[in-house]
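The numbering of the sequence shown is UniProt numbering, which starts it at 1 and goes up by one. Where a beta carbon is used, it is the ideal one built from N, C-alpha and C, also for glycine. I have placed the structure first, in the form of structure tokens, so that the comments after it can refer back to it.
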Amino acid sequence: MGPHRGKGLIDFLVDHNPFNLTLPGLNYCGPGNDLKSQIARNISPTNPLDNACRAHDIAYENSKDSSVRRVADQKLLGAALERIKSSQSSFLEKVGAATVAAAMKGKMMLGGKLGRRKSGQLKRLQVRSMPALGRRKRRGGKRRSIPSRATLAKRGIVMPGAYVARRGELVLMRASNDYNLFKGGADNSASTLILDKISWVVPQVKLSDEERAKLYNSLTRDPTFFLPFRCHELHEYPQLPSSSKISWNVKVSTQIHKPRYLIVALYTKLRNEITGSMTLPSVTNLRNAKLYLNDEAFPLQDMQFDLKNGKVAELYEAYARFQNSFYDRDNSQPILNRGTFADHPIIVIDMSRQRESVKTGAVDVRLELESIDNFPANTICYALLFHDKIVSYGPLNGTSKNGPYYSEQDRAATFHNWPHTAPTPVDLARAGFYYTGRFDMCRCAYCNIEVGRCLTCTESTKP
């Protein structure tokens with residue numbers, strides 16, 4: 001908590017304001033309003049500015065800490081400046097945004113820090129010099145194209161309380177033809193695919209008022225959040241050599257980006273062919289597949305399968321269990337049945353349980369494929385790698401970078417020391433838990449159990 005908890009003059013006047021502050025077109029426009037009654041009646045904000053004012057009022061209602069309230073004032077000032085510049089804002093909303101911005105600027109200039117010292121003497125009123133709300137001149141007489149006070153909202157981050165618009169860009173790269181998208185006859189060579197409309201669904205996370213207040217308190221300490229998640233990348237071997245065994249150096253990775261899963265598929269004479277289908281693999285003369293991470297092999301023993309004679313039990317089991325391990329499901333529902341899988345094999349190698357090294361050197365990812373006879377000509381091999389990634393994010397300065405690598409000892413020590421009822425993202429990253437796409441899908445790298453039920457993870461459970 002800050003050193004001026006509830007002792008600021010401005011904060012005192014706001015808390016004891018007997019009047020309701022109203023602005024045209026806004027339901028939430030000041031902490032002096034009957035906030036609890038408005039929330040109980042489920043009064044919705046009328047526009048984005050009203051939504052930001054509502055978050056500001058909630059922050060004032062939940063905390064009397066001056067540092068927390070300063071963060072709320074900066075957020076509201078940034079949201080007001082954004083609505084002033086937005087082309088989607090109405091004239092009435094821009095007038096209200098200008099009024100709110102001027103009020104927040106004046107409050108921050110006063111600082112609200114008139115309190116008492118321990119000796120009983122009054123503190124002097126501290127007035128901080130704040131930049132002007134409008135445009136300011138640069139050297140040479142030119143004016144800036146944006147307001148001089150670039151607040152958190154200008155950095156394009158999402159802070160608790162209000163949604164800040166950020167531009168997203170989707171780039172589609174079209175091939176020279178559309179033959180790989182559909183299958184047809186020789187007379188369909190002139191067929192094309194026309195895209196009339198593209199819908200981009202972006203999930204949003206909205207916090208409750210209680211969780212939003214908790215985040216306000218944590219943001220005052222300028223924390224760094226570690227966000228562990230999974231990435232995937234596709235690698236292509238454009239044409240396999242005419243031999244029965246190949247060794248492919250897929251990539252050189254790092255310890256923190258070591259792959260956890262690998263999916264391999266081979267296609268023969270199907271690219272840019274209108275009569276062929278790229279939806280399913282076509283090579284059926286495989287006999288063995290193995291992936292090496294430096295000197296560590298996955299799987300340890302050779303896969304014993306013969307696709308031509310229908311011996312696909314071990315290969316199909318690895319394919320069917322991918323959903324159990326990756327999505328942490330009790331029941332898997334593979335798309336291909338066993339009969340279809342024998343004609344269109346997909347190789348899945350699970351590397352989720354592997355030895356963690358304290359070394360931070362490079363990891364050589366090498367794939368070995370073996371077939372009964374030579375691979376056919378014009379055979380393409382695709383390798384889809386899933387690996388873990390940790391990004392450190394600073395919400396106040398808007399910076400993000402790759403997170404640090406934690407050794408096995410640090411991860412195990414953090415796991416045993418955290419309160420299991422409320423692990424933080426840092427605890428998850430250090431203890432070897434990885435986010436698989438949903439909140440309840442955080443999985444332990446050692447014992448493969450969800451976070452909520454994983455209470456012990458000792459040396460005996462490691463592979």
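Please name the residue in Ser242, Ala52, Asn294 whose C-alpha comes closest to that of Asp373. Ser242
From which residue to which residue does the alpha helix (DSSP H) around Asn217 run? 209-219
When DSSP labels each residue in this structure, what does Pro228 get in the three-state scheme? strand
Starting from the C-beta of Ala265, find all residues in its chain whose C-beta is less than 7 Å away, skip the five residues before and the five after it, and write them out in chain order. Pro281, Ile346, Tyr382
Can you tell me the Cα-Cα spacing of Ser176 and Leu193, whole angstroms? 12 Å
Using only the alpha-carbon positions, how far apart do Met351 and Leu227 sit? 21 Å
Reduced DSSP secondary structure (H/G/I, E/B, other) of Phe341: helix
Identity of the residue in Lys94, Gln333, Glu61, Leu92 nearest Tyr216 by Cα: Glu61
Suppose you measure from the CA of Asp343 to the CA of Glu368; what does that come to, to the nearest Å? 21 Å
Would you please state the rounded distance, in angstroms, between the beta carbons of Leu77 and Ala55? I believe it to be under 8 Å. Actually they are not in contact, since the Cβ atoms of Leu77 and Ala55 sit about 13 Å apart, beyond 8 Å.
Does DSSP put His56 in a helix, a strand or coil? helix
Quick one: what does DSSP say Tyr316 is sitting in, helix, strand or coil? helix
Return the first residue and the last residue of the alpha helix (DSSP H) that Asn324 is part of. 322-326
When you compare the segment 377-392 with the segment 226-240, are there three or more beta-carbon pairs, one atom per stretch, that lie closer than 8 Å? yes
So what does DSSP say about Phe182, is it helix, strand or coil? coil
With DSSP collapsed to three states, give me the class of Leu307. coil
Beta carbon of Pro299 nearer than 8 Å to that of Tyr319: no
Identified DSSP bridge partners for Thr279: None, per the DSSP bridge assignment.
C-alpha distance - Gly140 paired with Asp73, whole-angstrom precision: For Gly140, the predicted model reports a pLDDT of 48, less than 50, meaning its position is unreliable and no value from the coordinates is stated.
Among Val252, Glu211, Pro259, which has the Cα closest to the Cα of Arg230? Pro259
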